[in-house]
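**Q** Sharing a structure, written as structure tokens. Questions coming.
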Amino acid sequence: MHTVAVLLDDGLATLNRAVGVLRRRNVPVEGLALHPSGTAGVSRMTFVLKADAVTAERVAQQFQKMIGVRSVMVLGGEDSTTEARR
Amino acid sequence: MSEKLSGAEILCRGLVDAGVEVIFGYPGGAIMPFYHALPEHPRLRHILVRHEQAAAHAADGYARASGRVGVCVATSGPGATNLVTGLAAAHMDSSPVVAITGQVSRPMMGRDAFQETDIIGITMPITKHSYLVQDAAELADVVAEAMTVAAEGRPGPVLVDVPKDVQNQKVEWHGTPAPRTGTRGRALGSIEDGVRAAARLIKGAERPLLMVGHGAILAGAYAEVRALAEKTGIPVITTLLGISAFPDGHPLHLGMPGMHGEVHVNRAIQNADVIIGIGLRFDDRVTGNTASFARQARIVHIDLDRAEIGKNVPAAVGIVGDARDVTRRLLAAVEPRRCDRWLEHIRSFARPGPASYRGELSPEAILASICDASGGACTIVSDVGQHQMWVAKLFPYRHPNTHITSGGLGAMGFAVPAAMGVHLARPGDTVWAISGDGGFQMNMAEIATMVQERLPVKLAVFNNGYLGMVRQWQQFFHEKRYSCTPIWSPDYVKLAEAYGIPGYRVKDAAELADTVGRANAQPGPALVEFVIEQEANVFPMIPPGGSLSEPIESAPVVGAAGD
Chain A
254 MHTVAVLLDD GLATLNRAVG VLRRRNVPVE GLALHPSGTA GVSRMTFVLK
304 ADAVTAERVA QQFQKMIGVR SVMVLGGEDS TTEARR
Chain B
14 MSEKLSGAEI LCRGLVDAGV EVIFGYPGGA IMPFYHALPE HPRLRHILVR
64 HEQAAAHAAD GYARASGRVG VCVATSGPGA TNLVTGLAAA HMDSSPVVAI
114 TGQVSRPMMG RDAFQETDII GITMPITKHS YLVQDAAELA DVVAEAMTVA
164 AEGRPGPVLV DVPKDVQNQK VEWHGTPAPR TGTRGRALGS IEDGVRAAAR
214 LIKGAERPLL MVGHGAILAG AYAEVRALAE KTGIPVITTL LGISAFPDGH
264 PLHLGMPGMH GEVHVNRAIQ NADVIIGIGL RFDDRVTGNT ASFARQARIV
314 HIDLDRAEIG KNVPAAVGIV GDARDVTRRL LAAVEPRRCD RWLEHIRSFA
364 RPGPASYRGE LSPEAILASI CDASGGACTI VSDVGQHQMW VAKLFPYRHP
414 NTHITSGGLG AMGFAVPAAM GVHLARPGDT VWAISGDGGF QMNMAEIATM
464 VQERLPVKLA VFNNGYLGMV RQWQQFFHEK RYSCTPIWSP DYVKLAEAYG
514 IPGYRVKDAA ELADTVGRAN AQPGPALVEF VIEQEANVFP MIPPGGSLSE
564 PIESAPVVGA AGD
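Residue numbers (the working numbering), protein chains in the order written: chain A, 254 to 339; chain B, 14 to 576.
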């Protein structure tokens with residue numbers, strides 16, 4: 254299980270596109286959360302992936318190419334979800 | 014200084030200011046305000062296609078041949094959905110295209126209005142980015158940004174969806190914004206480390222190879238790749254989309270790898286100890302089974318797109334950067350060396366081409382006649398299938414970027430419309446669109462576009478009466494059951510006549526030189542049908558998912574029951 258946390262513009266098209274990356278690359282999603290980031294116009298999406306570290310890193314690189322994505326973090330291990338929300 | 018302009022007018026001005034000279038399109042209800050404004054801008058030459066798919070392929074062909082952004086326009090609904098195949102082709106092959114689509118007016122959106130489709134949603138996975146313009150005040154910025162996004166970094170298609178009422182909306186216009194550059198620039202700090210590591214690997218290698226892909230063409234890295242090969246003596250492989258990045262006939266050029274690559278090329282890969290990949294993505298048609306691909310090789314992977322490094326094959330050294338820039342740095346970092354024994358070893362793997370290539374009206378003879386007629390200086394646009402492999406393997410490409418094909422998507426029907434775009438990008442050059450009888454019939458309506466718009470593309474149809482590549486797979490892997498692959502064709506000479514262009518049929522090799530020469534010399538479009546052997550195959554062939562080490566070199570014997 255790996256967690257990828259993405260800071261991105263909060264438009265519907267951007268959120269849709271981000272979820273589409275996972276569907277397009279056929280990566281199983283265990284959990285998905287969307288929060289305001291604290292900065293106006295920017296959301297934080299947190300994906301818990303049923304995937305190994307290599308796959309999570311590959312997904313992160315696909316996110317990084319997306320226009321509207323501000324930053325991407327890959328986190329592993331048990332406390333990753335808490336980590337991502339900090 | 015500002016004035017009030019409609020969204021449609023701003024759209025046109027944005028395109029003109031971005032340097033656009035030609036757009037491929039088809040009008041319809043939701044894009045009518047744009048078409049109303051268009052005649053005020055004679056700098057924008059509009060090519061009226063016969064199907065929106067052709068507009069997208071033509072814009073793609075224009076982009077590939079010119080290195081500039083190709084633009085296509087369609088209405089909402091069916092107009093927009095017809096663009097999909099062309100956008101997917103541009104996306105797979107990293108071609109900079111901007112598609113402008115009309116959309117139903119904002120109050121109608123989401124209500125399943127007439128000719129409403131969610132084209133943004135439909136094209137999301139096959140575009141680099143897309144914009145739904147909700148206010149005409151955003152249009153100037155969006156057009157400028159779309160042109161930049163399509164071209165910068167790894168190029169790709171961008172879609173701009175403009176509701177009809179936004180096209181009619183009048184807003185203050187303050188001029189076209191300055192072009193945005195470097196918006197997605199990456200830190201390139203690690204390039205030097207990568208280049209040093211690559212140079213060390215090259216120095217220590219006994220059996221190195223250069224594998225050159227489309228990225229080298231997109232970056233215009235011809236001189237750098239050639240200089241690197243000549244300084245190090247490393248043999249060069251060009252992928253399907255890398256063909257013409259390195260001159261055919263150069264003593265270091267080996268040919269194309271992969272499913273239909275020559276035996277000596279694939280064996281070179283399987284025996285190499287270092288592979289320097291420049292601007293390619295190690296697609297499955299190149300690698301075969303990745304588990305058995307180049308097992309002995311450490312791979313240096315140079316690509317502009319970080320996500321490509323390690324995606325399909327593991328890279329010992331990954332360098333994220335422009336192919337031309339990185340190759341230039343690598344050239345400076347490597348020491349001169351030679352690889353004569355290795356090259357000799359690779360040459361010893363080479364086999365003569367199959368007999369079917371050397372027969373009377375063989376693919377080789379046809380392509381030689383096209384080469385002769387055009388003085389070897391034409392651009393070849395191929396379709397998809399058997400002829401595509403023959404055109405890739407047998408035509409001598411001596412000039413950069415003179416081979417254009419739909420590689421990643423493999424879209425039949427690509428050649429005829431894409432060749433229109435190639436012609437407009439290179440009006441002084443001869444352009445041959447080479448198709449099979451299947452692919453040609455998919456988009457042959459575009460002959461009308463060529464006639465109306467005076468686009469002197471030369472059309473070649475390899476007619477074997479089959480969907481030849483599928484038939485070949487049926488012969489090899491499906492007990493020779495030719496299910497739904499025999500395909501009837503119209504009389505192509507009469508078809509040409511109906512469109513008012515010269516048409517020729519070649520059945521005999523003795524007619525080749527004269528007929529192809531006459532077609533090539535036509536001032537306008539011309540069509541030549543080549544009636545070729547019905548069941549010729551493309552050899553060698555790596556079975557899908559197979560290892561590059563195990564090519565099929567002759568047709569399997571089929572049991573009596575299957576015959």
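Just so you know, even glycine gets a beta-carbon here, dropped at the ideal spot from N, CA and C.
Do you know offhand how far V117 (chain B)'s Cα is from I250 (chain B)'s?
**A** Here the question's residue 117 (chain B) lines up with position 104 in the second sequence. Here the question's residue 250 (chain B) lines up with position 237 in the second sequence. When rounded, the distance between both Cα atoms is 49 Å.
**Q** From which residue to which residue does the alpha helix (DSSP H) around W403 (chain B) run?
**A** On the second sequence, position 390 is the one that residue 403 (chain B) refers to. That run of the alpha helix (DSSP H) goes Q399 to L407.
**Q** Where do the ends of the beta strand (DSSP E) carrying F475 (chain B) lie?
**A** The residue you call residue 475 (chain B) lines up with position 462 of the second sequence. Unbroken beta strand (DSSP E) run through F475 (chain B): K471 to N476.
**Q** Can at least three beta-carbon pairs, one atom from the region 517-532 of chain B and one from the region 343-360 of chain B, be found at a separation below 8 Å?
**A** Segments in contact, no.
**Q** Are L268 (chain A) and G321 (chain A) closer than 7 Å when you measure CB to CB?
**A** Along the first sequence, read from residue 1 onward, the residue named residue 268 (chain A) stands at position 15. Along the first sequence, read from residue 1 onward, the residue named residue 321 (chain A) stands at position 68. No, the pair does not count as a contact, with Cβ atoms beyond the cut-off.
**Q** Taking the straight line between their C-alpha atoms, what separation do you get for G537 (chain B) and T308 (chain A)?
**A** For this step, residue 537 (chain B) is matched to residue 524 along the second sequence. For this step, residue 308 (chain A) is matched to residue 55 along the first sequence. Whole-angstrom Cα-Cα distance: 53 Å.
**Q** Is it the case that the Cβ atoms of I289 (chain B) and V326 (chain B) are separated by a distance below 7 Å?
**A** Mapped onto the second sequence, residue 289 (chain B) falls at position 276. Mapped onto the second sequence, residue 326 (chain B) falls at position 313. Against a cut-off of 7 Å, the Cβ pair of V326 (chain B) and I289 (chain B) comes out as no contact.
**Q** Quick check: the Cα distance between A606 (chain B) and Q485 (chain B), rounded to an integer number of angstroms?
**A** Since the first residue of chain B shown is 14 and the last is 576, residue 606 (chain B) is not available in this structure.
**Q** Based on Cα-Cα distance, which residue from B:E219, B:I215, B:R58 and B:Y512 lies nearest to V464 (chain B)?
**A** The sequence position of residue 464 (chain B) within the second sequence is 451, counting from 1. For V464 (chain B), the nearest C-alpha among the options comes from B:Y512.
**Q** Taking the alpha-carbon positions, what's the D504 (chain B) to A126 (chain B) distance?
**A** Numbered from its first residue, the second sequence carries residue 504 (chain B) at position 491. Numbered from its first residue, the second sequence carries residue 126 (chain B) at position 113. Rounded to the nearest whole angstrom, the C-alpha separation of D504 (chain B) and A126 (chain B) is 42 Å.
**Q** Find the nearest neighbour of I36 (chain B) within the set B:C25, B:L407 and B:Y235, judged by alpha-carbon distance.
**A** Here residue 36 (chain B) refers to the residue found at position 23 when the second sequence is read from its first residue. For the options B:C25, B:L407 and B:Y235, the alpha carbon positioned closest to that of I36 (chain B) is the one of B:C25.
**Q** Please check the pair N476 (chain B) and V570 (chain B), which I expect to be a contact at CB under 8 Å, by giving their CB distance rounded to whole angstroms.
**A** Within the second sequence, numbered from 1, the residue matching residue 476 (chain B) stands at position 463. Within the second sequence, numbered from 1, the residue matching residue 570 (chain B) stands at position 557. Contact between N476 (chain B) and V570 (chain B) does not hold, since their C-beta atoms are separated by about 27 Å, which reaches or exceeds 8 Å.
**Q** For the structure I just gave you, are there three or more beta carbon pairs, one from the region 276-284 of chain A and one from the region 15-30 of chain B, closer than 8 Å?
**A** no
**Q** For chain B, check one thing: does any of its Cβ atoms lie closer than 7 Å to the Cβ of R277 (chain A)?
**A** The residue given as residue 277 (chain A) occupies position 24 in the first sequence. At least one chain B Cβ lies under 7 Å of R277 (chain A).
**Q** State yes or no: is the beta carbon of R323 (chain A) nearer than 7 Å to at least one beta carbon in chain B?
**A** Start at 1 with the first residue of the first sequence, and residue 323 (chain A) comes out as number 70. Output row for R323 (chain A): interface = no.
**Q** Suppose the cutoff is 7 Å on Cβ atoms and the five residues either side in sequence are ignored; what does the same chain contact list for R197 (chain B) look like?
**A** Here residue 197 (chain B) corresponds to residue number 184 of the second sequence, with the count starting at 1. The predicted model places R197 (chain B) with a pLDDT of 45, which falls under 50 and marks its position as unreliable; any figure quoted below should be read in that light. Once the five neighbours on either side are set aside, the close Cβ partners of R197 (chain B) are E165 and G166.
**Q** At which residues does the alpha helix (DSSP H) containing W486 (chain B) begin and terminate?
**A** To locate residue 486 (chain B), count along the second sequence from 1; it is residue 473. W486 (chain B) -> alpha helix (DSSP H) spans G481 to F490.
**Q** What residues in its chain sit with their C-beta under 6 Å from that of I44 (chain B), if we drop five residues either side in the sequence?
**A** Translated into the one-based positions of the second sequence, residue 44 (chain B) becomes position 31. So the qualifying residues of the chain are T88 and G115.
**Q** Note down the Cα distance separating M482 (chain B) from N550 (chain B), rounded to an integer number of angstroms.
**A** Numbered from 1 along the second sequence, position 469 holds the residue referred to as residue 482 (chain B). Numbered from 1 along the second sequence, position 537 holds the residue referred to as residue 550 (chain B). Rounded to whole angstroms, M482 (chain B) to N550 (chain B) spans 8 Å at the Cα level.
**Q** For R270 (chain A) and chain B, any beta-carbon pair shorter than 7 Å?
**A** The sequence position of residue 270 (chain A) within the first sequence is 17, counting from 1. At least one chain B Cβ lies under 7 Å of R270 (chain A).
**Q** Residues of chain A with CB under 9 Å from M7 (chain B), in chain order?
**A** Since the displayed chain B opens at 14 and closes at 576, residue 7 (chain B) lies outside it and no answer follows.
**Q** Buried or exposed: where does A304 (chain A) fall if 16 or more other Cβ atoms within 10 Å of its Cβ makes it buried?
**A** Along the first sequence, one-based indexing puts residue 304 (chain A) at 51. Its Cβ being crowded by 16 or more others within 10 Å, A304 (chain A) is buried.
**Q** Taking just the CA atoms, how far does Q66 (chain B) sit from V97 (chain B)?
**A** For the purposes of this step, residue 97 (chain B) is identified with residue 84 of the second sequence, where counting begins at 1. For the purposes of this step, residue 66 (chain B) is identified with residue 53 of the second sequence, where counting begins at 1. Annotation: V97 (chain B) to Q66 (chain B) spans about 7 Å, alpha carbon to alpha carbon.
**Q** Tell me, please, whether the CB atom of A12 (chain B) is closer than 7 Å to any CB atom in chain A?
**A** The displayed coordinates of chain B run from 14 to 576. Any statement about residue 12 (chain B) would go beyond what the structure contains.
**Q** In chain order, what residues of the same chain lie with their CB nearer than 8 Å to the CB of R582 (chain B), ignoring the 5 residues before and after it?
**A** As displayed, chain B neither begins before 14 nor continues past 576, which places residue 582 (chain B) out of reach and without an answer.
**Q** For S560 (chain B) and R308 (chain B), I'd like the C-alpha separation in whole angstroms.
**A** By one-based count along the second sequence, residue 560 (chain B) stands at place 547. By one-based count along the second sequence, residue 308 (chain B) stands at place 295. Going from the Cα of S560 (chain B) to the Cα of R308 (chain B) covers about 11 Å.
**Q** For the region 47-98 of chain B, which segments carrying the beta strand (DSSP E) assignment without a break, of at least 3 residues, lie completely within its bounds, in sequence order?
**A** 58-61 and 83-87
**Q** Spatial neighbours of R341 (chain B) within its chain, please: CB distance less than 6 Å, with the 5 preceding and 5 following residues excluded, ordered by chain position.
**A** Within the second sequence, numbered from 1, the residue matching residue 341 (chain B) stands at position 328. So the qualifying residues of the chain are E237.
**Q** Does the separation of the CB atoms of V397 (chain B) and G452 (chain B) fall below 7 Å?
**A** Numbered from 1 along the second sequence, position 384 holds the residue referred to as residue 397 (chain B). Numbered from 1 along the second sequence, position 439 holds the residue referred to as residue 452 (chain B). Yes, the pair counts as a contact, with Cβ atoms nearer than the cut-off.
**Q** Under 9 Å Cβ-Cβ, which residues of chain B neighbour K318 (chain A)?
**A** Residue mapping note: residue 318 (chain A) aligns to position 65 of the first sequence, counting from 1. Within 9 Å Cβ-Cβ: K141, G166, R167, R197, D318, R319 and A320.
**Q** For the putative contact between S19 (chain B) and Q182 (chain B), defined by C-beta atoms under 8 Å, what is the C-beta separation to the nearest angstrom?
**A** As a position in the second sequence, residue 19 (chain B) is number 6, starting the count at 1. As a position in the second sequence, residue 182 (chain B) is number 169, starting the count at 1. About 7 Å separates the two Cβ atoms, so the contact holds.
**Q** So K324 (chain B) contacts chain A; which residues on that side make the cut at Cβ distance below 9 Å?
**A** Residue numbering aside, residue 324 (chain B) sits at position 311 when the second sequence is read from its first letter. Ordered by position in chain A, the residues that pass the 9 Å Cβ test against K324 (chain B) are R311 and Q314.
**Q** With distance defined between alpha-carbon atoms, name the residue in A:D263, A:L328 and A:T299 nearest to A293 (chain A).
**A** Locating residue 293 (chain A) in the first sequence gives position 40, where the first residue counts as 1. The shortest C-alpha separation from A293 (chain A) is found at A:D263.
**Q** Please say whether V179 (chain B) and V577 (chain B) have beta carbons closer to each other than 7 Å?
**A** Here chain B covers residues 14 to 576 and nothing more, so residue 577 (chain B) does not appear.
**Q** Which first and last residues belong to the alpha helix (DSSP H) in which L343 (chain B) is found?
**A** Translated into the one-based positions of the second sequence, residue 343 (chain B) becomes position 330. It spans A336 to A346 - the alpha helix (DSSP H) in which L343 (chain B) sits, taken as one unbroken run.
**Q** Would D577 (chain B) and G421 (chain B) be called neighbours here (beta carbons separated by less than 7 Å)?
**A** Residue 577 (chain B) lies beyond the range of chain B shown here (14 to 576); nothing can be said about it.
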